[in-house]
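Down below is the structure, laid out as structure tokens.
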Amino acid sequence: MGKKLLTSFVIAVVFLLSAISPALANDTVIPVVIDIKPGSDPNPFNVKSKGKIAVALLGTAELDVMTVDPESLVLVNPEYAFPAGPSVSPLRCSLEDSNEDGILDIVVLYNKEDLRPLTVTKVPHGYEMAIGMRGNLKAEYTRDPIYGEDIIVVLNKMYDEEE
1256 MGKKLLTSFV IAVVFLLSAI SPALANDTVI PVVIDIKPGS DPNPFNVKSK GKIAVALLGT
1316 AELDVMTVDP ESLVLVNPEY AFPAGPSVSP LRCSLEDSNE DGILDIVVLY NKEDLRPLTV
1376 TKVPHGYEMA IGMRGNLKAE YTRDPIYGED IIVVLNKMYD EEE
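For the sequence shown, this note's numbering gives the first residue as 1256, with consecutive numbering after it.
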């Protein structure tokens, strides 16, 4: 009885996921390299800070950033990246060589306050977590999904382990 129930559950989950996200069932997600706060390592993120945060989508020999739809570049919590979960939309984008490797990158600015819900605000000061960037190639280049991650260090001095 238990195996039958488990098998039925697995089949239902697979069916549900394929129904929710047919694009992912048919498309290959292209891995990309991102750099949160270009030039900064580690990447501190104060959960109470305001202003803008820059995230670079790095161009490589395999990825010409001119093929990417810059308006599709959203930040996500990797746990909910696919199918589309909560995300942060870009404020503006620019083309520049952010890592000085001679290859053009897309540098995207996001509102820090919008990013806060993607982070876990009830974590200890200094906690490291991944933030993902999800997007698509332009329509004339297949519109395939792209995805990359970088690590932030959560600065959260208000955290109280007793809560």
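We put the beta carbon where it would ideally sit given N, CA and C, even for glycine. Computed from a predicted model, the values in this text were never measured in an experiment.
Cβ-Cβ distance between residue i and residue j below 9 angstroms
i     : j     : result
M1388 : V1284 : no
V1323 : G1390 : yes
L1392 : S1342 : no
S1353 : L1313 : yes
Rounded separation between residue i and residue j - CA only
i     : j     : result
A1280 : I1407 : Model confidence at A1280 stands at a pLDDT of 46, short of 50, so the residue's coordinates are unreliable and nothing is read from them.
A1385 : D1405 : 6 angstroms
R1371 : V1302 : 6 angstroms
I1361 : K1367 : 18 angstroms
Y1335 : I1289 : 18 angstroms
P1293 : A1394 : 28 angstroms
E1326 : C1348 : 8 angstroms
E1351 : Y1365 : 17 angstroms
P1297 : E1355 : 18 angstroms
H1380 : V1363 : 26 angstroms
K1307 : S1295 : 15 angstroms
G1357 : P1333 : 29 angstroms
N1411 : D1369 : 16 angstroms
K1305 : E1383 : 20 angstroms
D1399 : I1291 : 23 angstroms
A1316 : L1359 : 10 angstroms
Anticipated Cβ contact below 8 angstroms, residue i with residue j, distance rounded
i     : j     : result
V1329 : G1340 : Not quite, the Cβ-Cβ distance comes to about 10 angstroms (not below 8 angstroms), so this is no contact.
V1409 : F1300 : 6 angstroms
V1287 : I1401 : 5 angstroms
Limits of the unbroken alpha helix (DSSP H) element including residue i
i     : result
L1370 : 1367-1370
Residue i beta carbon near the ligand SAH (any heavy atom closer than 8 angstroms)
i     : result
D1290 : As for the ligand SAH, it is missing from this structure, which has no ligand bound.
Bounding residues of the beta strand (DSSP E) (the contiguous stretch that carries residue i)
i     : result
G1387 : 1382-1391
N1301 : 1299-1301
I1407 : 1400-1410
L1350 : 1347-1351
A1309 : 1307-1313
I1289 : 1288-1291
L1331 : In the sequence as displayed, the identity of residue 1331 is Val instead of Leu. It spans 1329-1331 - the beta strand (DSSP E) in which V1331 sits, taken as one unbroken run.
Buried versus exposed, by CB contacts within 10 Å (16 or more), residue i
i     : result
Y1396 : exposed
P1345 : buried
Cutoff 9 angstroms: residue i Cβ touching any chain B Cβ
i     : result
R1389 : In the structure shown, chain B does not exist; there is a single protein chain.
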